[in-house]
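Sequential numbering of the sequence shown, starting at 0, is according to numbering that gives the first Met the number 0. Take a look at the structure below.
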Amino acid sequence: MELINYQTEKANTHTRYRKPLVGFASAHDPLFDQMKEIIGPHHLHPTELLTDAQTVISFFLPFAKTIITANRESPGIAREWAVAYLETNTLIATISATLKRELSAQGINVVTQPATHNFNEQDLTARWSNKSVGFVAGLGTFGINHMLITPSGCGGRFGSTVISAKIPPTPRPTQENCLYLRNSKCQFCVTNCPTGALTIKGLDKHRCYAQLLEVDKQFPDLGLCDVCGKCAVGPCAYCNEE
Numbered sequence: 000m001e002l003i004n005y006q007t008e009k010a011n012t013h014t015r016y017r018k019p020l021v022g023f024a025s026a027h028d029p030l031f032d033q034m035k036e037i038i039g040p041h042h043l044h045p046t047e048l049l050t051d052a053q054t055v056i057s058f059f060l061p062f063a064k065t066i067i068t069a070n071r072e073s074p075g076i077a078r079e080w081a082v083a084y085l086e087t088n089t090l091i092a093t094i095s096a097t098l099k100r101e102l103s104a105q106g107i108n109v110v111t112q113p114a115t116h117n118f119n120e121q122d123l124t125a126r127w128s129n130k131s132v133g134f135v136a137g138l139g140t141f142g143i144n145h146m147l148i149t150p151s152g153c154g155g156r157f158g159s160t161v162i163s164a165k166i167p168p169t170p171r172p173t174q175e176n177c178l179y180l181r182n183s184k185c186q187f188c189v190t191n192c193p194t195g196a197l198t199i200k201g202l203d204k205h206r207c208y209a210q211l212l213e214v215d216k217q218f219p220d221l222g223l224c225d226v227c228g229k230c231a232v233g234p235c236a237y238c239n240e241e
């Protein structure tokens, strides 16, 4: 936790962050088997990444509230949000590489995974879902926006690492963090979706992804920037920090 905190605080980015969250899951948690049924047989089990896997580390880097506010108030996708998406993906790679170096020096085997772009573009399912791993590791509950809502909200990015050392699992929350699923009092994400891809009944992934590709064209100077986040800037963006 201290290493992830340090890396985030010292990150050479325009993006600022709130305090990171870290959770742990047993690599042999039955939920990892269920992912092959829920997401697809192509979704990797931790032991397919690392044969002697014992623990999966999941971490969440929550964006500063100014970034969330910028994307909430902008009629389009805020540049601050787009930059945060790209910079945080790079930061997650840096944190993962640092974890691997530090743990490997202690004789622990480590396999890291990218923050994004590890999905099949035909059916838009991932070979390793960082959000789903975060759920198994007790970092939050899924909302109707299909985001994992942590105690610090869903305005941020997830990373994960598989290691050969045993760490006690983090207990999973017993209360829904999504206000709609808790008491039916919020549909911000649904009404704020710019394309109608998100409804109470579900998410049209292809319509959503088409929007991301359109946004990418708006920021040609940033590189690949398939991002939106309009469903992640409501009350659940901060959750218990609001």
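Even glycine gets a Cβ: it sits at the ideal position worked out from N, Cα and C. The model shown is predicted, which means the values in this text are computed figures rather than measured ones.
Residue ranges of uninterrupted alpha helix (DSSP H) with 4 or more members, entirely inside the stretch 24–102 and ordered along the chain, are 29–37, 45–48 and 64–72. Taking all protein chains in view, the Cβ of Ser-131 is crowded by 16 or more other Cβ atoms within 10 Å, so the residue is classified as buried. Using a 10 angstroms sphere on the CB of Ser-128, the tally of other CB atoms reaches 16 or more, which defines it as buried. Judged by DSSP in its simplified three-state form, Gly-155 adopts strand. In the DSSP assignment, Thr-190 falls within the alpha helix (DSSP H) that extends over 187–191.
Annotation: the continuous alpha helix (DSSP H) that includes Val-132 extends over 129–135. For Val-109, the enclosing beta strand (DSSP E) starts and ends at 109–111. Counting every other CB atom within 10 Å of its CB across the protein chains shown gives Leu-212 a total below 16, marking it as exposed. Nearest C-alpha to Gly-22 among Pro-219, Val-135, Lys-184 and Gly-152: Val-135. Residue pairing of Phe-118 in beta bridges, as defined by DSSP: Ala-125. In the structure shown, Val-232 falls within a coil segment according to DSSP collapsed to helix, strand and coil. The Cβ atoms of Thr-89 and Phe-62 lie no closer than 9 Å to each other.
Judged by DSSP secondary structure, Arg-181 falls within the alpha helix (DSSP H) whose first and last residues are 178–182. The three-state secondary structure of Leu-223, taken from DSSP, is coil. If you draw a straight line from the Cα of Ser-151 to the Cα of Phe-59, it is about 9 Å long. Straight-line measurement puts the Cα of Ala-96 at about 30 Å from the Cα of Gln-121. Comparing alpha-carbon positions, the option among Ala-52, Asp-32, Lys-64 and Asp-28 lying closest to Thr-14 turns out to be Lys-64. Residue range 204–217 is occupied by the alpha helix (DSSP H) that includes Ala-209. For Ser-163, the CB contacts under 6 Å within the same chain, skipping 5 residues up- and downstream, are Asp-51, Gln-53, Ile-107 and Asn-108 in chain order. DSSP, read as helix, strand or coil, puts Thr-140 in strand. For Thr-198, the beta-bridge partners assigned by DSSP are Gly-201. When only Cα atoms are considered, Ile-199 and Glu-8 end up about 37 Å apart. Contact between the stretch 21–39 and the stretch 172–190 is not established, with fewer than three Cβ pairs separated by less than 8 Å.
In this structure, Ile-94 keeps its C-beta atom at 9 Å or more from the C-beta atom of Pro-113.
A direct Cα-Cα distance of roughly 12 Å separates Ile-148 from Cys-188. Per the coordinates, the alpha-carbon of Ala-24 lies some 11 Å from the alpha-carbon of Thr-160.
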